[in-house]
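Working notes for the structure below.
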Amino acid sequence: MKTWMKTTIAASLIAVTGVGATAALARGGECDGFGPQGKAGVQRMAPQDMQARMAQRADLQLARLELALALTPEQQPAWNAFKSAMSERAGKMAEQMQQRFKDGAPQTAVERLQRMEEMGKLRQAEMAETRKAVERFYGALSDAQKKVFDADFGAMGHKGRHGGFGMGPGRDDGPRGERGRG
Numbered sequence: 074m075k076t077w078m079k080t081t082i083a084a085s086l087i088a089v090t091g092v093g094a095t096a097a098l099a100r101g102g103e104c105d106g107f108g109p110q111g112k113a114g115v116q117r118m119a120p121q122d123m124q125a126r127m128a129q130r131a132d133l134q135l136a137r138l139e140l141a142l143a144l145t146p147e148q149q150p151a152w153n154a155f156k157s158a159m160s161e162r163a164g165k166m167a168e169q170m171q172q173r174f175k176d177g178a179p180q181t182a183v184e185r186l187q188r189m190e191e192m193g194k195l196r197q198a199e200m201a202e203t204r205k206a207v208e209r210f211y212g213a214l215s216d217a218q219k220k221v222f223d224a225d226f227g228a229m230g231h232k233g234r235h236g237g238f239g240m241g242p243g244r245d246d247g248p249r250g251e252r253g254r255g
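Residue numbers for the sequence shown follow the numbering used here, beginning at 74 and rising by one.
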């Protein structure tokens with residue numbers, strides 16, 4: 074598979090799983106909106122709390138990726154630009170979630186379809202922005218760092234064998250899914 078395709082797929086997975094994985098973790102894996110011991114999940118979380126949680130999660134994932142890449146001082150400016158773009162994207166996602174919270178749930182099937190169509194267009198535009206940021210940073214990496222980036226960036230937000238969205242076996246534990254391979 075060509076590098077640009079891998080990069081695009083990895084960026085797409087991050088965008089799609091950013092919301093889904095956060096919601097699943099906030100629910101504690103329960104489908105009823107409540108996590109362990111009946112604590113309210115993301116559906117019942119205040120918008121500002123949700124935004125703080127998403128920012129914290131994004132910062133943690135980026136910090137793990139930075140450590141795994143072992144960047145040189147020459148690569149630091151490229152990393153800072155990449156990190157800024159990813160943080161900005163996380164902020165936009167949180168704002169969009171807050172707006173949807175304020176707007177309330179669509180009442181009819183037509184309204185739901187319209188909202189899904191709008192969200193699809195938004196996600197498409199966000200993917201293009203994310204891909205561009207990844208491409209700029211990816212060019213500054215060595216071959217070894219590219220392998221680490223491909224494994225870690227593509228697996229961000231996924232936990233467990235069925236962490237969601239087709240990651241499948243081999244992404245169980247560790248920064249690059251060491252368990253489950255072989």
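Cβ atoms here follow ideal geometry from the backbone N, Cα and C, with glycine treated the same way.
Inter-residue Cα distance where the pair is residue i and residue j
{"i": "GLN149", "j": "THR203", "result": "19 Å"}
{"i": "ALA201", "j": "TYR211", "result": "15 Å"}
{"i": "GLN129", "j": "GLU168", "result": "15 Å"}
{"i": "ALA143", "j": "GLN134", "result": "15 Å"}
{"i": "GLU190", "j": "VAL183", "result": "10 Å"}
{"i": "SER157", "j": "ALA206", "result": "9 Å"}
{"i": "SER119", "j": "ARG188", "result": "Before going further, note that residue 119 is Ala rather than Ser in the sequence given. If I take the Cα positions, the gap works out to 21 Å."}
{"i": "SER215", "j": "ALA136", "result": "19 Å"}
{"i": "ARG234", "j": "LYS219", "result": "Its pLDDT being 38, under 50, ARG234 is placed unreliably in this model, and the value from its coordinates should be taken loosely. Going by the C-alpha atoms only, they are around 24 Å apart."}
{"i": "ASP122", "j": "ASN153", "result": "26 Å"}
{"i": "PRO178", "j": "LYS194", "result": "Note that residue 178 is Ala in the sequence shown here, rather than Pro. About 19 Å."}
{"i": "ARG173", "j": "GLN197", "result": "18 Å"}
{"i": "THR181", "j": "GLU199", "result": "27 Å"}
{"i": "GLU208", "j": "VAL221", "result": "15 Å"}
{"i": "ASP176", "j": "THR145", "result": "46 Å"}
{"i": "PHE155", "j": "GLN171", "result": "25 Å"}
Residues near residue i in its chain [Cβ-Cβ closer than 6 Å; skip 5 each side]
{"i": "ILE82", "result": "none"}
Delimiting residues of the alpha helix (DSSP H) encompassing residue i
{"i": "ALA198", "result": "182-211"}
{"i": "SER157", "result": "149-176"}
Buried or exposed by the 16-neighbour rule on C-beta atoms within 10 Å, applied to residue i
{"i": "ARG185", "result": "exposed"}
{"i": "GLU147", "result": "exposed"}
{"i": "LEU140", "result": "exposed"}
{"i": "MET192", "result": "exposed"}
{"i": "HIS231", "result": "With a pLDDT of 47 at HIS231, under the threshold of 50, the predicted position of this residue should be treated as unreliable, though the coordinate-derived value follows. HIS231 comes out buried."}
Own chain residues within Cβ distance below 7 Å of residue i, not counting five before or after
{"i": "ALA131", "result": "MET159, SER160 and ALA163"}
{"i": "ALA217", "result": "none"}
C-beta atoms of residue i and residue j nearer than 7 Å
{"i": "ALA213", "j": "ALA151", "result": "yes"}
{"i": "LEU138", "j": "ASP223", "result": "no"}
beta-carbon residue i near the ligand PLP non-hydrogen atom, thresh 6 Å
{"i": "ALA151", "result": "Of the ligands one can find in the structure shown there are none, so the ligand PLP has no counterpart to examine."}
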